[in-house]
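Count along the sequence shown starting at 1, add 11, and that's the number in the working numbering.
The beta carbon of each residue, even a glycine, is placed where N, CA and C say it ideally should be.
Okay, structure first, notes after.
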Amino acid sequence: MAAEEFDIVILGAGSGGYACALRAAQLGQRVALVEKDKLGGTCLHRGCIPTKALLHSAEIADSVRDGSRYGVQAALEGIDLAAVHKYKDGVVGRLHKGLQGLVKAADGITYVEGEGRLTSADTVTVGDRELRGKNVVLATGSYARTLPGIEVGGRIMTSDEALTLEEVPARTIVLGGGVIGVEFASVLRSFGSEVTIVEALDRLVAAEDPAVSKTLERVFRRRKITTKTGVKVASATQDDQGVRVELEGGEVLEADLLLVAVGRGPRSEGMGFEEAGVTVDRGWVPTDERLRTNVEGVRAVGDLVPGPQLAHRGFAHGIFVAEDIAGLDPSPVVDALVPKVTYCDPEIASVGLTEEQAREVHGDQVSTYEYNLGGNGKSQILGTTGFVKLVRSGAEGPVVGVHMVGARMGEQVG
């Protein structure tokens with residue numbers, strides 16, 4: 012069978028892949044978009060969207076539980092997870108249907124369902140179909156990691172499986188205190204589970220400014236979420252009664268569920284990248300600032316590229332690549348300028364450099380300003396706490412970093 016010819020062949024239809032396809036089609040490019048799973052990728056089906064739907068249900072549970080504090084007579088009778096999932100899946104389903112409509116209506120996109128593999132620098136093979144592109148974009152995304160010796164299954168699960176929990180566990184151990192870990196810890200605590208977070212690093216959300224970690228840990232203590240930082244897991248076992256986690260210091264924790272939230276790894280194994288000559292470093296695909304790999308005509312976007320694993324970063328990557336291929340000379344996506352939000356309670360939002368990173372770049376010419384939200388009227392009304400921290404280059408220089416903790420902080424960056 013003769014190869015099908017395209018301007019761009021995109022392997023993976025998550026945030027980076029479909030954004031690239033839609034923008035390229037707008038610019039008159041002929042595009043093949045290949046996906047073995049569902050259009051929309053991790054963010055729509057196993058990440059951002061379903062997780063945020065769960066967090067909204069958790070927020071409502073907390074509001075009902077605290078109603079009397081605000082003069083509202085209400086009682087939380089329990090969490091109906093089947094109904095929660097119906098709501099969550101409804102949101103995902105509507106967005107998925109809308110995205111399918113966009114791709115179908117786009118003039119110039121050929122959507123190819125099936126498992127694709129890079130078989131040469133300009134060809135992706137899907138079954139018996141060969142898709143040849145003047146440009147190839149690798150957008151295969153990421154997967155939920157686990158740790159050596161910890162087998163996922165039964166009462167031990169990753170965030171993928173946790174999205175379909177059938178009942179709220181009485182006790183939960185969350186292994187990992189990064190974004191995924193603290194978000195799920197927050198949800199499960201709001202749903203009534205006793206939660207313990209185990210983090211190998213010395214603080215939660217270690218990629219954030221230390222002031223953010225300190226505030227989050229304090230609020231989590233107030234919410235009766237236990238955190239154990241600076242410790243590693245030696246082993247994890249399970250039986251019909253629950254899970255047993257032994258820490259390296261010998262302490263043993265028992266719970267009904269172990270949620271492994273140790274980050275996500277790049278999905279590159281078995282994709283043919285290295286065989287086609289593309290450099291792969293521990294699963295990641297390194298690129299230059301214009302997202303070009305070492306092989307001419309092959310780009311990479313999203314979670315596959317080293318840097319923050321954020322859907323909107325992948326989306327920006329996809330648009331950038333489509334415009335760059337079309338000769339529009341767009342400005343590269345700068346990781347430090349990509350805003351980040353962690354949707355736990357309290358929310359965390361940041362953009363730019365932490366104080367430590369700023370000092371590495373600007374030396375002693377760094378100043379900071381912090382505003383405690385305890386004196387903020389809206390915080391008093393909502394009964395929340397937090398702060399805003401600005402990092403500046405010099406006493407009068409530009410702001411190079413913003414870090415915030417508090418209610419609705421995700422609405423302050425974008």
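Indicate the three-state DSSP secondary structure (helix, strand or coil) for methionine 282 in the structure shown. Counted from its first residue, the sequence shown places residue 282 at position 271. Methionine 282: coil per DSSP, three-state reduction.
Assign serine 378 to one of three DSSP states: helix, strand, or coil. Here residue 378 refers to the residue found at position 367 of the sequence shown. Strand.
Close beta carbons around leucine 92, own chain, < 7 Å, minus the five adjacent residues each side: Here residue 92 is taken as the residue at index 81 of the sequence shown, counted from 1. Around leucine 92: Leu176, Glu177, Glu178 and Val179.
First and last residue of the beta strand (DSSP E) that includes lysine 243? The sequence position of residue 243 within the sequence shown is 232, counting from 1. Bounds of any beta strand (DSSP E) do not take in lysine 243, whose DSSP letter is neither H nor E.
Out of Val416, Thr134 and Gly187, which has the shortest C-alpha to C-alpha gap to threonine 157? If you number the sequence shown from 1, residue 157 lands on position 146. Ranking Val416, Thr134 and Gly187 by Cα distance to threonine 157 puts Gly187 first.
Take every Cβ of the stretch 35–55, pair it with every Cβ of the stretch 109–120, and state whether three or more of those distances are shorter than 8 Å. yes
Cα-Cα separation, valine 344 to valine 95: Mapped onto the sequence shown, residue 344 falls at position 333. Mapped onto the sequence shown, residue 95 falls at position 84. One alpha carbon belongs to valine 344, the other to valine 95, and they sit about 36 Å apart.
Taking the continuous alpha helix (DSSP H) assigned at phenylalanine 202, which residues delimit it? For the purposes of this step, residue 202 is taken as the residue at position 191 of the sequence shown. Per DSSP, phenylalanine 202 belongs to no alpha helix (DSSP H) and is neither H nor E.
Are glycine 241 and aspartate 213 touching if we call contact CB-CB under 8 Å? Within the sequence shown, residue 241 is the residue found at index 230, counting from 1. Within the sequence shown, residue 213 is the residue found at index 202, counting from 1. Cβ atoms of glycine 241 and aspartate 213: closer than 8 Å.
Per-residue DSSP class, three states only, for tyrosine 1: With the chain covering 12 to 425 only, the question about residue 1 has no answer from this structure.
Alanine 327 to valine 349 span [Cα, whole Å]: Taking the sequence shown and counting its residues from 1, the one referred to as residue 327 is at position 316. Taking the sequence shown and counting its residues from 1, the one referred to as residue 349 is at position 338. Using only the alpha carbons, I get a separation of about 9 Å.
Taking only three categories from DSSP, how would you classify methionine 415? The residue you call residue 415 lines up with position 404 of the sequence shown. Here methionine 415 sits in strand by DSSP.
Excluding five sequence neighbours on each side, which residues of the same chain lie with their C-beta closer than 6 Å to the C-beta of glutamate 257? For the purposes of this step, residue 257 is taken as residue 246 along the sequence shown, with counting starting at 1. Cβ within range, chain order: Ala245, Ser246 and Val263.
Opening and closing residue of the alpha helix (DSSP H) in which leucine 339 lies: In the sequence shown, counting from the first residue as 1, residue 339 sits at position 328. Taken as a continuous stretch (DSSP letters only), leucine 339 belongs to no alpha helix (DSSP H), as it is neither H nor E.
Glycine 386: CB within 7 Å of a non-hydrogen atom of the ligand ADP: This structure lacks the ligand ADP, and indeed carries no ligand of any kind.
Is there contact between the stretch 355–364 and the stretch 388–407, where contact requires at least three CB pairs shorter than 8 Å? yes
Between Val413, Thr183 and Met282, which lies nearest to glycine 253 when the distance is taken from Cα to Cα? The sequence position of residue 253 within the sequence shown is 242, counting from 1. Ranking the options by Cα distance to glycine 253, first place goes to Thr183.
contact_flag[the stretch 278–286, the stretch 157–172] where n(CB pairs < 8 Å) is 3 or more: no
Could you have a look at arginine 182 and say whether DSSP puts it in helix, strand or coil? Along the sequence shown, read from residue 1 onward, the residue named residue 182 stands at position 171. Strand at arginine 182.
Let's test the definition: count the other Cβ atoms within 10 Å of the Cβ of tyrosine 81 and tell me whether it reaches 16, buried, or not, exposed. As a working mapping, residue 81 is identified with position 70 in the sequence shown. Residue environment for tyrosine 81: exposed (fewer than 16 other C-beta atoms within 10 angstroms of its C-beta).
Output the boundary residues of the beta strand (DSSP E) element that contains leucine 113. Numbered from its first residue, the sequence shown carries residue 113 at position 102. Note, leucine 113: premise wrong, no beta strand (DSSP E); alpha helix (DSSP H) at 92–116.
Check whether threonine 304 and valine 296 have beta carbons under 8 Å apart: Numbered from 1 along the sequence shown, position 293 holds the residue referred to as residue 304. Numbered from 1 along the sequence shown, position 285 holds the residue referred to as residue 296. Contact flag set, yes.
Between which two residues does the beta strand (DSSP E) harbouring valine 296 extend? Within the sequence shown, the letter at position 285 stands for residue 296. Premise fails: valine 296 is in no beta strand (DSSP E) and is neither H nor E.
Ordered along the chain, which non-local residues of its own chain (more than five positions away) have a Cβ less than 7 Å from that of isoleucine 60? By one-based count along the sequence shown, residue 60 stands at place 49. Within its own chain, the residues whose Cβ lies closer than 7 Å to the Cβ of isoleucine 60, once the five positions on either side in sequence are excluded, are Cys54, Val102, Val103 and Leu106, listed in chain order.
What's the gap between the Cα of valine 309 and the Cα of valine 424? To locate residue 309, count along the sequence shown from 1; it is residue 298. To locate residue 424, count along the sequence shown from 1; it is residue 413. Looking at the two C-alpha atoms, the distance is approximately 32 Å.
For alanine 347, collect the residues of the same chain with a Cβ closer than 7 Å to its Cβ; drop the 5 residues on either side in sequence, then sort them by chain order. Sequence index remark: in the sequence shown, residue 347 carries index 336 (1-based). For alanine 347, where only same-chain residues beyond five positions count, the Cβ hits under 7 Å are Gly363 and Leu364.
Going by beta-carbon coordinates alone, are valine 163 and valine 271 separated by less than 8 Å? Numbered from 1 along the sequence shown, position 152 holds the residue referred to as residue 163. Numbered from 1 along the sequence shown, position 260 holds the residue referred to as residue 271. For valine 163 and valine 271, yes; Cβs fall inside 8 Å.
Opening and closing residue of the beta strand (DSSP E) in which glycine 308 lies: In the sequence shown, the residue the question calls residue 308 occupies position 297. Element bounds for glycine 308: n/a, residue is neither H nor E.
Put arginine 370 into one of helix, strand or coil per three-state DSSP. Position 359 of the sequence shown, counted from the first residue, corresponds to residue 370. Reduced to three states, the DSSP call for arginine 370 is helix.
Assuming contact is defined by CB atoms lying nearer than 8 Å, are threonine 121 and alanine 30 in contact in what I supplied? Translated into positions along the sequence shown, residue 121 becomes position 110. Translated into positions along the sequence shown, residue 30 becomes position 19. Taking 8 Å as the cut-off, the Cβ atoms of threonine 121 and alanine 30 do not count as close.
Local conformation of arginine 468 per DSSP, three classes: Residue 468 is absent from the structure shown; the chain starts at 12 and stops at 425.
Under the three-state DSSP convention, the category aspartate 133 falls into: In the sequence shown, counting from the first residue as 1, residue 133 sits at position 122. The answer is coil: DSSP assigns aspartate 133 none of H, G, I, E or B.
Is it the case that the Cβ atoms of valine 316 and valine 289 are separated by a distance below 8 Å? Numbered from its first residue, the sequence shown carries residue 316 at position 305. Numbered from its first residue, the sequence shown carries residue 289 at position 278. For valine 316 and valine 289, no; Cβs fall outside 8 Å.
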